[in-house]
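Same order as they appear, the protein sequences are chains A and B. Going by my numbering, the residue at position 61 of the first sequence is 61; the numbering climbs one at a time, nothing skipped. Going by my numbering, the residue at position 89 of the second sequence is 1089; the numbering climbs one at a time, nothing skipped. Read the structure below first, then the notes.
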Amino acid sequence: EDKVVQSPLSLVVHEGDTVTLNCSYEVTNFRSLLWYKQEKKAPTFLFMLTSSGIEKKSGRLSSILDKKELFSILNITATQTGDSAIYLCAVASLNNNDMRFGAGTRLTVKP
Amino acid sequence: GAGVSQTPSNKVTEKGKYVELRCDPISGHTALYWYRQSLGQGPEFLIYFQGTGAADDSGLPNDRFFAVRPEGSVSTLKIQRTERGDSAVYLCASSKDPSGANVLTFGAGSRLTVL
């Protein structure tokens, strides 16, 4: 059965810290891995990764995929209180039309 | 519309009642998804529409749940004989990619509470 596991489930840091969020997966016929940020309501898209070893970057956020070891990491440098959110990892398969989500990592950034 | 719109944003109902949750996707997006998110969990797939037809309804938990999209735009998720375990946030998402591959834009969700 397809599975997505995120760690840690919860993380509390102070402003300025760097954090690394982990996502490991098992999926048949992998298509893509996506990261979303969920604040109060709608998850918002961050990155889509399809190839190993190619870093995607947007400001202080970056992400990379390892298709051999079946995981991805999301890095946030110089964290700010506005980064506080749940970060969701999702994996899409070529076999079907849904995306399987992990349980998320709840990040709290304290001033 | 500019984004995915879901109504109502909050719905409180009693056990055994019928509820309808509405999703208005981004204009031109042919793919529409319903997910359910319980507290502390990631979104759980329910059903996927490509156009008017339900291309994949394998995530619907039982026959109390049904969804329609009669004109290929607005979708309604219908829950009969609600149970307390149905309490969750129901998220709708749409995508313009007809193959389903897949940057989804989510709505803000409908929070359902069954008393």
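Heads up, the beta-carbon is just placed ideally off N, CA and C, and yes, glycines get one too.
Contact residues of the segment 41-60 of chain A toward chain B are Lys41, Ala42, Pro43, Phe45, Met48 (C-beta to C-beta distance below 7 Å). Assignment of beta-bridge partners to His14(A) by DSSP yields Lys110(A). Taken in chain order, the complete beta strand (DSSP E) segments of 3 residues or longer contained in the segment 21-50 of chain A are 30-38, 43-49.
Considering only beta carbons, the part of the segment 1046-1074 of chain B lying closer than 7 Å to chain A consists of Tyr1048, Ala1055, Asp1056, Gly1059, in chain order. A Cβ-Cβ contact shorter than 8 Å links Ser1075(B) with Ala1067(B). Cα atoms of Tyr1018(B) and Asp1063(B): separation of roughly 13 Å, rounded to the nearest angstrom. When the alpha-carbon of Thr105(A) is set against those of Thr28(A), Lys37(A), Gly16(A), the nearest one is in Lys37(A).
Taking CB atoms only, Phe101(A) has a neighbour in chain B less than 8 Å away. Taking the CA atoms as reference points, Leu1112(B) sits about 16 Å from Gly1042(B).
If only complete runs of 4 or more residues are kept, the segment 79-104 of chain A shows no alpha helix (DSSP H) anywhere.
Our two residues, Leu21(A) and Leu9(A), have alpha carbons roughly 9 Å apart in a direct line.
For Ile73(A), the enclosing beta strand (DSSP E) starts and ends at 71-76.
A residue is called buried once 16 or more other Cβ atoms fall within 10 Å of its Cβ, and Asp1097(B), having fewer, is exposed. By the rule that beta-carbons nearer than 8 Å mark a contact, Leu88(A) touches chain B. Chain B has a Cβ within less than 8 Å of the Cβ of Asn96(A). In this structure the segment 1027-1034 of chain B lies against the segment 1046-1055 of chain B, because at least three pairs of beta carbons, one per stretch, are closer than 8 Å.
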